[in-house]
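Protein chains in written order, with the working numbering: chain A, 82 to 192; chain B, 2 to 117. Below is one structure, written out as structure tokens; the observations come after it.
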């Protein structure tokens, strides 16, 4: 039972354009959402998060949007850079410590 | 900077062997986690621990056990390795949410385990 779904296994965008990665969840009890970035041969690294009491959180080129009624969140990267090419995991947390991950989306940013 | 260190990057074992995967963190985190990552399935939680000698089952604990004798070290044990346990194993640690809310998990670089 995958409670967190990333339906696009891959995404390709041109350098300088916007990248939009999407994530859907089924459990309305999730109260904290995160995005992790993973390069090959490395562990995931935390990128950005959002609490369920907010609908937007911004950190430099990265913005996460949360639509609780649709149980949907998205990560926007503007402008995209070749160094952003990686696998992005969406995660959702049930209190206190239970975190569920999506299957990941491989982003390729072309120069 | 948080450092989570997994003892092996690559490991090849035989079916039926007992396998130990070690993880050490240097940030005095109470929580530690073991995940496996498989294509199309993302990260799935095997076990986690929120204190020394404490452990909780995750989503897929069958065939695994864990040990947390010291706060900084969390070991994953494959009691009798099978080919379906071939995977990437990731260890993570974090502060508990009760004390520091919304604490992200910090991951090691993973151990790619092959069971032949």
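For each residue, glycine too, the CB sits at the ideal point set by N, CA and C. The structure displayed is predicted, hence computed values, not measured ones.
Helix, strand or coil at residue i according to DSSP, with G and I counted as helix
| i | result |
| --- | --- |
| residue 85 of chain B | helix |
| residue 110 of chain B | coil |
| residue 105 of chain A | strand |
| residue 39 of chain B | strand |
| residue 208 of chain A | Only positions 82 to 192 of chain A appear in the structure, and residue 208 of chain A is not among them; the question remains open. |
| residue 86 of chain A | strand |
| residue 99 of chain A | coil |
| residue 95 of chain B | strand |
| residue 10 of chain B | coil |
| residue 30 of chain B | coil |
| residue 173 of chain A | strand |
| residue 127 of chain A | strand |
| residue 117 of chain B | coil |
| residue 53 of chain B | coil |
| residue 120 of chain A | coil |
| residue 134 of chain A | coil |
| residue 61 of chain B | coil |
| residue 179 of chain A | strand |
| residue 66 of chain B | strand |
Close Cβ partners of residue i (< 6 Å) along its chain, the five nearest in sequence each way excluded
| i | result |
| --- | --- |
| residue 184 of chain A | 87 |
| residue 95 of chain B | 30, 32, 104 and 106 |
| residue 195 of chain A | The displayed coordinates of chain A run from 82 to 192. Any statement about residue 195 of chain A would go beyond what the structure contains. |
| residue 137 of chain A | 146 |
| residue 115 of chain A | 130 and 172 |
Exposed unless 16 or more other CB atoms sit within 10 angstroms - verdict on residue i
| i | result |
| --- | --- |
| residue 98 of chain A | exposed |
| residue 181 of chain A | buried |
| residue 21 of chain B | exposed |
| residue 37 of chain B | buried |
| residue 122 of chain A | exposed |
| residue 85 of chain A | buried |
| residue 141 of chain A | exposed |
| residue 186 of chain A | buried |
| residue 124 of chain A | buried |
Proximal residues to residue i (C-beta, below 7 Å), its chain only, five neighbours per side dropped
| i | result |
| --- | --- |
| residue 5 of chain B | 24, 26, 92, 93, 94, 107, 108 and 109 |
| residue 71 of chain B | 53 |
| residue 65 of chain B | 47, 48, 77, 78 and 79 |
| residue 98 of chain B | 104 |
Contact with chain D by residue i, beta-carbon distance below 9 Å
| i | result |
| --- | --- |
| residue 95 of chain B | Structure shown: chain D not included; protein chains present are A and B. |
From the options, residue whose alpha carbon lies closest to that of residue i
| i | options | result |
| --- | --- | --- |
| residue 120 of chain A | A/174, A/156, A/111 and A/170 | A/170 |
| residue 13 of chain B | B/84, B/44 and B/42 | B/84 |
| residue 46 of chain B | A/114, A/134 and A/172 | A/172 |
| residue 188 of chain A | A/115, A/179 and A/158 | A/158 |
| residue 118 of chain A | A/179, A/174, A/156 and A/178 | A/156 |
| residue 7 of chain B | B/62, B/43 and B/89 | B/89 |
Own chain residues within Cβ distance below 8 Å of residue i, not counting five before or after
| i | result |
| --- | --- |
| residue 55 of chain B | 69 |
| residue 10 of chain B | 110, 111, 112 and 113 |
| residue 19 of chain B | 78, 79, 80, 81 and 82 |
Checklist entry - Is the region 150–170 of chain A touching the region 77–97 of chain B in the sense that three or more CB pairs, one from each, lie closer than 8 Å? => result no
*asked:* Under 8 Å, with one C-beta from each stretch per pair, do the region 106–116 of chain B and the region 128–139 of chain A reach the 3-pair mark?
replied: no
Contact between the region 102–114 of chain A and the region 135–154 of chain A: three or more CB pairs below 8 Å? yes
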